[in-house]
Amino acid sequence: MVRQHSETHPWIAFDFDPREQLGFRTWMLLGEVLSKCGHIAGAPLQPSLADELNQIFLSKSAHATTRIEGNTLSENEVLQRVRHQLDLPPSLEYLGQEVDNIVAAYSLIEADLRDGKSLALTRERIEELNRLVLHKVPDAEKVAPGEIRTESVLVGSYRGAPPEDCGYLLDQLCKWLRVICKVAGEELRQPAAILSALLAHLYIAWIHPFRDGNGRTARLVEYQLLLHAGVPILAAHLPANFYMRTRTRYYQVLQESSQSPYDPNGFLFYALQGFVDELREQVKTIQMQQLTVAWINFVHETVPDSHTASSVRQRHLVLDLPADRWTSISKIPEVSTRLAAEYAGKTRRTVSRDVNALEDLGLILKVRGNVRPFVEQMRAFLPFRAQHEDVAD
């Protein structure tokens, strides 16, 4: 039986073989994704800090995937919504509902992961995610959440696959993705699974099986399959943020991939390059958080273990000093509220005595009346460099 889509949408073919058709640059990016995800998965963080980062990246992802489709809530408003701290007027509540729906879908996927349920993709799961995306949206009865469309749709200049083929194509997609992972073998299982996540995103965008919410559904499917591939939750949120930041290019790449010679490589390279860039930034964020925790512990260990006013004040001084710039010694009482309170009524000699004590302990650097914390000593394996760079008088 010849399906209609083979004539109208020849690019929706399940014959792409990454082992033979993936370029070496894409393989290199995929290798870095695996490496960075390993770093993130093994990064020790205090539970409270890990929860905070999870909440931040969850909100960034929910903001991104809804913003791509026109949601106008800001990143900070979405974070407040995630924390149940944002009440919107009735006229704007639908914007909050869109965010709530994405968060609910993420929660479902993560709950299944924790409960040991399979995250392998099925047509039923794709339909379920679309139902969640469109839950309580305006005119929900018109868009039929979770139901395969029965009419042709045009999105911009792109026409979705013939409606009579959409269910068949979703079934074929799920079977094909399992084959890709199976034939890859154990050595390439994880990279093949990550590629499957990106391919699922691309093919759902091509098929466009629902009346509405196809883009959000595709990105949720990608998120689920990234977790299925062993990508840490913190990192699996990153691609959506990249797509939003490069929204114009995102749509261009999707459109270009459906034009002759019908090659998924362009989308895969674009998505992996963005994933790598986002991962590099996330690794830096985690490293800075780890450095901050280590620095606080080091300061408390180094300043004499005493509850005297001077030792407490000196710990506060070194911890409150900005690490990214020099501070005039005369301005130290103005650095923070607690330092202002602790130096109230004290002479400049007290400030100088505290600074000298901290310099002797190796916790601060001092140059021509300016100081800053010597945080870089915590980076034990960085190349040695001079400590006393020039500062303004």
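Counting from 1, one number per residue, gives the positions in the sequence shown under the UniProt record's numbering.
Note that the Cβ used here is the ideal one computed from N, Cα and C, for glycine as well.
Item, Value
"Separation of G369 from D393, as counted between CA atoms", "Summary for D393: the model assigns pLDDT 49, below 50, so the residue's position carries little reliability, and this model does not support an answer."
"At least 3 beta-carbon pairs within less than 8 Å: the stretch 276 to 284 vs the stretch 233 to 243", "yes"
"Sub-7 Å separation of T26 and L177 beta-carbons", "no"
"DSSP three-state assignment for I364, whether helix, strand or coil", "strand"
"N-terminal and C-terminal residue of the beta strand (DSSP E) that I191 is part of", "Correcting the residue type first, residue 191 is Pro in the shown sequence and not Ile. Per DSSP, P191 belongs to no beta strand (DSSP E); it is in the alpha helix (DSSP H), R189 to I207."
"Start and end residues, beta strand (DSSP E) containing R372", "N370 to P373"
"Among D305, F374, E278 and V367, nearest to D320 - alpha-carbon criterion", "F374"
"Supposed close pair L129, L220 - CB separation, criterion 8 Å", "5 Å"
"Min CB distance R67 to chain D below 7 Å", "Looking for chain D here will not work: only one protein chain is present."
"Buried or exposed (CB count within 10 angstroms, at least 16 for buried), residue 396", "Beyond the ends of the chain as shown, which are 1 and 393, falls residue 396; an answer cannot be given."
"Delimiting residues of the alpha helix (DSSP H) encompassing F57", "P47 to R67"
"Three-state secondary structure assigned by DSSP to L321", "coil"
"Pick from A120, E7, D263 and I204 that is closest to Q21, judged by C-alpha positions", "D263"
"4-residue-minimum alpha helix (DSSP H) runs that sit fully inside the stretch 266 to 318, ordered along the chain", "none"
"Pairwise C-alpha distance: A341 and A309", "12 Å"
"Local Cβ density within 10 Å of F24, reported as buried at 16 or more and exposed below that", "exposed"
"Status (buried if at least 16 other CB within 10 Å, exposed otherwise) for R81", "buried"
"Span separating the alpha-carbon of R313 from that of L339", "7 Å"
"Given A50 as reference, the closest of L363, I286, L202 and T350 once Cα atoms are compared", "I286"
"Distance between R19 and G116 (C-alpha atoms, nearest Å)", "30 Å"
"Assigned exposure category for A111 - 16 Cβ within 10 Å defines buried", "exposed"
"Option in T8, D277, A205 and Y243 with minimal Cα separation from L29", "D277"
"Distance, G213 Cα to A140 Cα", "11 Å"
"The stretch 324 to 338 in contact with the stretch 351 to 366 per 3-pair CB rule at 8 Å", "yes"
"Run of the alpha helix (DSSP H) containing K36, from where it starts to where it stops", "F24 to A41"
"Contact under 7 Å by Cβ, I207 with C166", "yes"
"At least three beta-carbon pairs within less than 8 Å, the stretch 1 to 15 to the stretch 250 to 266", "yes"
"Extent of the continuous alpha helix (DSSP H) to which I180 belongs", "P163 to A184"
"Cβ-based burial, R123 [other Cβ within 10 Å; buried from 16]", "buried"
"Integer Cβ distance of F242 from F210, believed to fall under 8 Å", "Between F210 and F242 the Cβ distance is about 24 Å, and since that is not below 8 Å, they are no contact."
"Span separating the alpha-carbon of R149 from that of G230", "33 Å"
"C-beta atoms of Y94 and P145 nearer than 7 Å", "no"
"Contact set for V33: own chain, Cβ-Cβ below 7 Å, skip 5 residues either direction", "I194, L272, F275, V276 and L279"
"Own chain partners of Q172 with C-beta closer than 7 Å, once the 5 adjacent residues on each side are dropped", "F14"
"Secondary structure of V153, DSSP reduced to three states", "coil"
"Host alpha helix (DSSP H) of D112 (start-end)", "E93 to R114"
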